[in-house]
Amino acid sequence: MQAVAQNIRWTVRDLELLPENEGIRYEIIEGELFMARAPHSRHQQTCGKIFAQLDCWSEETGLGEAILSPGVLFSDADNVIPDVVWVARETYDRIVDDRGHLTGAPELAIEVLSTGERDRRRDMEVKLKLYSMRGVIEYWIVDWRARRVEVYCRENGQLRLARTLLGEDRITSTLLPDFCCPIARFFPNF
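Residue numbers for the sequence shown follow our numbering, so the first one is 322 and each next one is one higher.
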């Protein structure tokens, strides 16, 4: 994903004027517009597998909702599309708008790293900072190539790396009581 223009402050209203294109995603972070083409198929498979695990757990517990690629409108200048989020039921009812966008922080945000270095840095630095400032409680950065999950948890008001999971490790979360999943289930088998 690359920045489109320098020294122009984009807003959510500006996005409504851009052409709709299924192959391009637009995000705004601190007023800067980012565009990305459709991600690698393995990236999308990883997103789907993570969503499936969280969705199944959510259906069983009734505690919240897993959502694939939601629009999250933190402000007029911060509009992002995380790959997957999980939102507690009471939070969802409070932050969803009439168009189905989230207007506040989900409890859990998940980004699956893209192939480009600029995109990787955005997810690992810029979005980490944004999610930390906006109140996300937990952030998972998933690398399908390395088959690795970095888990960031809120500590003293900001997200900090809590653990890195590899191989046969299992992921758990204090947000998701009794959720336990081998991270290998997040990744395509080939």
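A virtual CB, placed ideally from N, CA and C, is assigned to each residue, including glycine. Remember, it's a predicted structure, so these values are computed and weren't measured experimentally.
request  = For the beta strand (DSSP E) containing T493, list its first residue and its last residue.
outcome  = Looking at the DSSP string, the run of the beta strand (DSSP E) that includes T493 is R491 to S494.
query = What number of angstroms, rounded off, separates the C-alpha of L496 from the C-alpha of E428?
reply = Whole-angstrom Cα-Cα distance: 8 Å.
DSSP beta-bridge partners of W378 = Per DSSP, none; premise fails for W378.
query = Applying the criterion that 16 or more other CB atoms from any shown protein chain within 10 Å of the CB defines a buried residue, is W465 buried or exposed?
reply = buried
message = Spatial neighbours of R475 within its chain, please: C-beta separation below 6 Å, excluding the five flanking residues on both sides.
response = I458
task = Have a look at R469 and R415 and give me their C-alpha separation to the nearest angstrom.
result = 33 Å
message = Taking the straight line between their C-alpha atoms, what separation do you get for G442 and L449?
response = One point to set straight first is that residue 442 is Arg, not Gly, in the sequence displayed. Cα to Cα, the separation comes out at about 10 Å.
key: Nearest to R330 (by Cα), restricted to the options N400, I371 and C377   = Ranking N400, I371 and C377 by Cα distance to R330 puts N400 first.
key: From V433, V406, T436 and Y452, residue whose alpha carbon lies closest to that of H422   = By alpha-carbon distance to H422, the top candidate from V433, V406, T436 and Y452 is V406.
Identity of the residues DSSP links to Q479 by a beta bridge = E476
request  = Quick one: give me the first and last residue of the beta strand (DSSP E) that E438 is part of.
outcome  = First-last for E438: E438 to R442, but that is the alpha helix (DSSP H), not the beta strand (DSSP E).
inquiry  = The alpha helix (DSSP H) that contains E351, what's its start and end?
reply    = From DSSP, E351 is part of no alpha helix (DSSP H); its letter is neither H nor E.
request  = Pull up the distance between the alpha-carbon of W290 and that of F500, whole angstroms please.
outcome  = Because the chain spans 322 through 511 in this model, residue 290 falls outside it and cannot be assessed.
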